[in-house]
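Residue numbers (the numbering used here), protein chains in the order written: chain A, 29 to 382; chain B, 5 to 396; chain C, 392 to 686; chain D, 5 to 264; chain E, 195 to 450.
Just so you know, even glycine gets a beta-carbon here, dropped at the ideal spot from N, CA and C.
Quick notes on the structure that follows.
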């Protein structure tokens, strides 16, 4: 098993050859996508990639440092608004994005201060309040464009000459997601990330080992907010709109669900969680009466029963039932989330067919 | 092992990402079909507005049953976006880029979802008729392919204020508005009109979307001594407003927008408090005995899904799209987006269930007129206060 | 003078609103104390209860006094079922995992109610005119508000007595503190937990039945009260029943004072600012003890 | 002899309950001092005061001439004070190596940006990681932890966890080592291993060790001096034999059995 | 006569680790039985297995209490059949008062508990003084007393204790063991698990030694105390102990 020849191999990104190969294939496929796909798949991948960035950021806080946040939509909004307003003020897009992340990080730092002594439900309420406050302030202040938000400037960054705006934007989003993945993964393997995890497991021991709790807890908030803000900034261009009501509690909960469903404290989990929740979000559709009619044997009876007892106009709501059931089932059968399923699948394949 | 995983991954990918490399122009028109799309929230908090999109569906069904338009049936792609712009964009892009594409967008509920796809549609020249929101965004600046029907919220507010001051003799008018685009537009229009009349609002109170406890709002309105309140909120807030006002024994003259013009609904959900309300209406009343309305009302039981209600929003879903159908008819058998837009521009004073609608080169706001009406003391009978009126 | 003239009225309005928050806070506290689950489905379970009552009144023509107990019985069943079918099945649950499970339950309940009854708002008929009330010292108090406050107070009192005086209450408190040891005492903790969920669903359901007539009945009717209830529970300390009641009242009063005297625009977020301030002083909430981990 | 760690008349009370009343003791470089006393006597409280978890209301704590009472724990750690805990406070979800590397936290420098940028073995953060990894491996060899190097420590047996905790404290390269019941729950064999290690640590690194322990034999074998506490007060101090024979100690702690 | 508690070939797993390997044991009503063993020998697992506190365990084997199998029964049902268990580390209900703790102990009973309360306060007068104090404020020794009294409130026929001496000063340990004697005299069978072998042997009638999940010695307390291995490994009775210990250490190093 342990065939490593130097300690660096523990730090290396891809510890096995097949993994490196597969990651290479994935990178190539993502890079080639704009040449092959139309706008819509690029939009979906972009949406997923943005959520991957946010899930990574939130996982730094929730998974690795063990703090809960019900207010990350707030950082997401700050990122989106900051990018929009900076770009409107004439800043080029890349510096605007970076700056937006940093502004979000600054707010993360501020929120981290009162959060220092809080945990569990207490922290949940404070972060919840933060998210709502951000949403309300953006919606109310004329400076921020009021109820419809400021107009988002056209995305004019050209990464590959000859590509359309959508293709360039796609590349920027996916590249940012890739870099974020690397950055978070590396961070977690070095001194700062270790301190985050240590705080989660035992803050007392960490502080007695020289970890400054105040600094690292607020730092975790700031790092988490940075990535979330970055995601928000990309989202502003991706959707072409910043509407304050988009950044509501539901969005914060969605982010949290990504992290938990994916697997708390796991990089791969963040990716899987973001992919699954994003796809559920975009792809889940309600059923129609005809879908029931088509069922063999019981179809007609069932449709009749449903017609008598339920609103046909409300049938689209079945998607909520499906969504909720999926969340419950994943958590019931795999508390480690999709990451846990992944581990098991890997184990299963390794010993297959025995 | 890796191969198997790879296969699974490829399979999964193919499910979600249908290869649509064909960059050929998809127009959504075939020899026998015209593909038309609409989004509308069928689930979530905004679900009550979803009946607009279902109303459109009934209109198309009726047209198809009557033989379609110039030999083509309308294929209606309605999807649920939950009033979430990210989903609206995904749904529209998917439909537009999938064979055989989308010819035009019918209606589409909400300012925010509409704004999210507006540029995308306009860049591709995809016609869009009758967005279901009375927003200025659709016509500033006018877009070649975007034809608005819904009268501006601000115009409704102006008419109501004018009526309150000039006909009802009200002096102190308070404005109670939702803090969204709809509320802000109504608020702005009302303030402008009051200013024109040399008045200032007695008080301006905004209400957040999520609030369900409106006691302090109502106390403020009451304390202002207003004798009339312009109420620019959604139906739920209207109910809470009236119930809270009753509890506080506050009874001004209420005046409200076409969004709340569904009298039977409002009467039911307020528990009978929808009395003596002045409201603006952008369409004929659903129970009006005019031929444009009765033909749909008669057809309703046959086409509507179980659980549907013949109300203003459902009917508006018909009304917003009637001009599009008219445009399709005028464009003739040789249907292209160009010919359709030209046909739309030729529409003058078209009268369906909405007010009169006219377009022209450079004119994209089809309907400007609304009328005012009032419920009686029992809340069941409606009397029209003004004829169809345009704000000049 | 005129400025403060409305103060009693605003305070009364705040207490009436706070009564509902207090009930929802209590429901959350009951479940959190017993099973350490933050139940985000509480609000929608209450919504469902309200719809059931409405369906019995409007659909089946039952009188209110029959429909309400039946609806509450349904709530108890719903709560117990949620515990039995979902929460209990969780293997090695993490706090966050449990939260996600309750969110899943919330979605299922929301979807089911919207499917069954549609998204349009409805009216909850009660044999009480919204205009009726009494005026005392310039404060207008509607009967509905008075009933709301009275019902909340009675519920809180009864719960308090139940938990502190009855054997079942003792079992609940013991389970809350140490589940494994409670089992060693012969306490059937699974029943206790199921009972806690049922009890919480009933208390939340009462809140729903009080919110319904004052507003509208619709699928998302409890989202906002629920959020405030959660805030109230935390304000009071998350494990303390009197704390939850107090927290509810404070939040109701604070937001009404702010809404009336300052601005309605930020009314709904002001309680959170108040909580933030309070928690920086007392990180465990008003009436709960703060346990510092010992090493 | 000047002591490396000196505690001078510290006192602390919690909500009116006096936990410590003027406790004094001193530990010199290369010395092992044991703190004994019945449960609730305030032994762990003394440790918590030293490591900055509690801030004594009276008295001084001096390390190498510098007063440290009132400093926060990570500042205390920076001054070279490491500790273990009575009920094991390991980072359960991290591997043994990572636990020990966290012990190197103070000696490392790389921050967020350097950490994120770790790409090849030549970037500063990676170089630093590798350097400290070498140090950690030395400790792993010393404490015989090779077999559990990559295990999550939460899955290790109790006795091994105690050793990992000792390793983490050692990784900090402390000048003063505080051990809170290091032998509790260990069998005789493990206790003997532990004793040898502690003796080696003193001999090799010249640290000052302050130790809380109930096992009087263990204490007698290791400690040069013993301080006995009862109800927050020093009741005896001296060599293990002296303290064991002290009448106050017998009365409060060892009871009649030991007298017999 | 059937034994009060009988285990036969019990296997218990903690995840992948087997903690009990075919443990068999029979306890007759009446006496005090002590199990000695090093940390990790499986003593606590033994008690937890009996109480049904480990999910899906025991993996194999039978456990009978008073002639009826209790394998697979819920912990609370086992408790209701008459086994009381005082877990390691006391685990009182910290936020309940002393009196409420005792009432919780009597939860499964429907009859009047006043007499038993009086009896407990007789055993432990200090609890009487603190009856309205919350249990978290008690000292370690008082908490241990409360835990024992609470367990006795259910009128068990078998009282199982896990390390009652853990973390207590020798003086308190003596006090508590003396009370255990009294309780045993009042008719409660006691089964205890201890690392403090000397103390346990001084009070027990019968003792067993556990190593690696199975019993290796069984006999009267006196026999066990006289066993040379027990003397060396558990009682630490040996001259020049340090030197001997050092030798053992070297030997161990070599053999590994």
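For a cutoff of 8 angstroms on Cβ pairs, would you count residue 535 of chain C as touching chain B? As a first step, residue 535 of chain C must be located in the third chain, where it is residue number 144. For residue 535 of chain C, the answer is yes, since a Cβ of chain B falls inside 8 angstroms of its Cβ.
Proximal residues of chain E, C-beta to C-beta of residue 580 of chain C below 8 angstroms: Within the third chain, numbered from 1, the residue matching residue 580 of chain C stands at position 189. Simply 270.
Give me the Cα-Cα distance between residue 381 of chain E and residue 371 of chain E, rounded to the nearest whole angstrom. Here residue 381 of chain E refers to the residue found at position 187 of the fifth chain. Here residue 371 of chain E refers to the residue found at position 177 of the fifth chain. Cα to Cα, residue 381 of chain E sits roughly 16 angstroms from residue 371 of chain E.
Backbone CA spacing between residue 404 of chain C and residue 149 of chain A [nearest angstrom]: For this step, residue 404 of chain C is matched to residue 13 along the third chain. For this step, residue 149 of chain A is matched to residue 121 along the first chain. About 28 angstroms.
Residues near residue 418 of chain C in its chain [Cβ-Cβ closer than 6 angstroms; skip 5 each side]: Mapped onto the third chain, residue 418 of chain C falls at position 27. Excluding positions up to five away in sequence, the list reads 433, 591, 594 and 595.
Comparing alpha-carbon positions, which option in C:545, C:564 and C:546 lies nearest residue 554 of chain C? What you label residue 554 of chain C is simply residue 163 of the third chain in a count that begins at 1. Of C:545, C:564 and C:546, the residue nearest in Cα terms is C:564.
C-beta neighbour in chain B for residue 454 of chain C, strict 8 angstroms: Within the third chain, numbered from 1, the residue matching residue 454 of chain C stands at position 63. No, its Cβ sits nowhere closer than 8 angstroms to a Cβ of chain B.
DSSP three-state label for residue 121 of chain D, please. As a first step, residue 121 of chain D is located in the fourth chain; it is residue number 117 there, counting from the start. Three-state result, residue 121 of chain D: coil.
Would you kindly report the start and end of the unbroken beta strand (DSSP E) that includes residue 236 of chain B? Your numbering for residue 236 of chain B matches position 232 in the second chain. Its beta strand (DSSP E) spans residues 232–236.
In the DSSP output, what is residue 181 of chain B paired with across the bridge? Residue numbering aside, residue 181 of chain B sits at position 177 when the second chain is read from its first letter. Paired residues: B:210 and B:236.
Excluding the 5 residues preceding and the 5 following residue 702 of chain C in the sequence, name in chain order all residues of the same chain whose CB lies nearer than 7 angstroms to its CB. Past the boundaries of the shown model lies residue 702 of chain C; chain C is included only from 392 to 686, so the question cannot be answered.
Of the residues B:331, B:121, B:124 and B:258, the one placed nearest residue 364 of chain B, counting alpha carbons only: Position 360 of the second chain, counting from 1, holds the residue named residue 364 of chain B. Of the candidates B:331, B:121, B:124 and B:258, the one whose C-alpha sits nearest the C-alpha of residue 364 of chain B is B:331.
I want to verify the contact list: residues of chain D whose CB lies under 9 angstroms from the CB of residue 225 of chain A, in sequence order. On the first chain, residue 225 of chain A is found 197 positions in, with the first residue counted as 1. Residues of chain D passing the Cβ test: 95, 97, 98, 102 and 106.
Using a C-beta cutoff of 8 angstroms, does residue 71 of chain A count as contacting chain B? Mapped onto the first chain, residue 71 of chain A falls at position 43. With 8 angstroms as the cut-off, residue 71 of chain A counts as an interface residue toward chain B.
List, in order along the chain, the chain C residues whose C-beta lies closer than 7 angstroms to that of residue 289 of chain E? Position 95 of the fifth chain holds residue 289 of chain E. Residues of chain C passing the Cβ test: 568.
Report the rounded CA-to-CA distance for residue 155 of chain A versus residue 163 of chain B, giving the unit in angstroms. Your numbering for residue 155 of chain A matches position 127 in the first chain. Your numbering for residue 163 of chain B matches position 159 in the second chain. Straight-line Cα distance between these residues: approximately 44 angstroms.
Where residue 266 of chain A falls, given that 16 or more other Cβ within 10 Å makes a residue buried: As a first step, residue 266 of chain A must be located in the first chain, where it is residue number 238. Looking at its Cβ environment, which holds 16 or more other Cβ atoms inside 10 Å, residue 266 of chain A is buried.
Give the residues of chain B in contact with residue 509 of chain C, contact being defined as C-beta atoms less than 7 angstroms apart. Working through the third chain from its first residue, we reach residue 509 of chain C at position 118. Chain B residues near residue 509 of chain C: 311.
Would you mind working out which of B:278, B:287, B:333 and B:196 sits nearest residue 315 of chain B, comparing C-alpha positions? As a working note, residue 315 of chain B is residue 311 in the second chain. It is B:287.
Would residue 604 of chain C and residue 535 of chain C be called neighbours here (beta carbons separated by less than 8 angstroms)? Position 213 of the third chain, counting from 1, holds the residue named residue 604 of chain C. Position 144 of the third chain, counting from 1, holds the residue named residue 535 of chain C. Going by C-beta atoms, residue 604 of chain C is nearer than 8 angstroms to residue 535 of chain C.
When you compare the region 467–475 of chain C with the region 628–635 of chain C, are there three or more beta-carbon pairs, one atom per stretch, that lie closer than 8 angstroms? no
Could you work out which residue in B:78, B:148 and B:384 is closest to residue 278 of chain B when comparing CA atoms only? Here residue 278 of chain B refers to the residue found at position 274 of the second chain. Measuring from the Cα of residue 278 of chain B, the nearest candidate turns out to be B:384.
Use the C-beta contact count for residue 25 of chain B: other C-beta atoms within 10 angstroms, 16 or more gives buried, fewer gives exposed. Along the second chain, one-based indexing puts residue 25 of chain B at 21. At residue 25 of chain B, the pLDDT of 41 sits below 50, so the modelled position is not reliable; the number obtained from the coordinates is stated separately. Per the 10 Å Cβ criterion, exposed.
Below-8 angstroms beta-carbon distance, residue 354 of chain C vs any chain B residue: Absent from the model: residue 354 of chain C. The displayed extent of chain C is 392 to 686, so no value can be given.
Suppose the cutoff is 7 angstroms on Cβ atoms and the five residues either side in sequence are ignored; what does the same chain contact list for residue 341 of chain E look like? Reading the fifth chain from its first residue, position 147 is the one you call residue 341 of chain E. Excluding sequence neighbours, residue 341 of chain E sits near 280, 284, 285 and 286.
Have a look at D:111, D:119, D:159 and D:101 and flag the residue whose alpha-carbon is nearest the alpha-carbon of residue 147 of chain D. Indexing the fourth chain from 1 puts residue 147 of chain D at position 143. That would be D:101, whose Cα lies nearest to the Cα of residue 147 of chain D.
Chain A contacts made by the region 123–143 of chain D, where a contact means CB separation under 8 angstroms: 123, 125, 129, 130, 132, 133, 134, 137, 138 and 141
Measure the CB-CB distance between residue 278 of chain E and residue 246 of chain E and report whether it falls below 8 angstroms. Translated into positions along the fifth chain, residue 278 of chain E becomes position 84. Translated into positions along the fifth chain, residue 246 of chain E becomes position 52. No.
Is the beta carbon of residue 184 of chain B less than 8 angstroms from the beta carbon of residue 175 of chain A? Walking along the second chain from the start, residue 184 of chain B turns up at place 180. Walking along the first chain from the start, residue 175 of chain A turns up at place 147. Against a cut-off of 8 angstroms, the Cβ pair of residue 175 of chain A and residue 184 of chain B comes out as a contact.
Compare the C-alpha of residue 206 of chain B against each of B:187, B:200 and B:234 and name the closest. Translated into positions along the second chain, residue 206 of chain B becomes position 202. For residue 206 of chain B, the nearest C-alpha among the options comes from B:234.
Taking C-alpha atoms, which residue in D:84, D:31, D:76 and D:134 lies nearest to residue 230 of chain D? Here residue 230 of chain D refers to the residue found at position 226 when the fourth chain is read from its first residue. The candidate whose alpha carbon is nearest that of residue 230 of chain D is D:31.
Return helix, strand or coil for residue 22 of chain D, following the three-state DSSP convention. In the fourth chain, counting from the first residue as 1, residue 22 of chain D sits at position 18. Strand.
What are the uninterrupted segments assigned as alpha helix (DSSP H) that are 4 or more residues long and contained completely in the region 285–318 of chain B, given in chain order? 295–307
Check whether the region 165–177 of chain B and the region 196–216 of chain B are in contact - that is, three or more C-beta pairs closer than 8 angstroms. yes
Give the C-beta separation of residue 284 of chain A and residue 162 of chain A to the nearest angstrom, bearing in mind that I take them to be a contact with Cβ-Cβ under 8 angstroms. Here residue 284 of chain A refers to the residue found at position 256 of the first chain. Here residue 162 of chain A refers to the residue found at position 134 of the first chain. Wrong, their Cβ atoms sit about 16 angstroms apart, outside the cutoff.
According to DSSP, residues forming a beta bridge with residue 42 of chain B: The residue you call residue 42 of chain B lines up with position 38 of the second chain. Partner(s): B:82.
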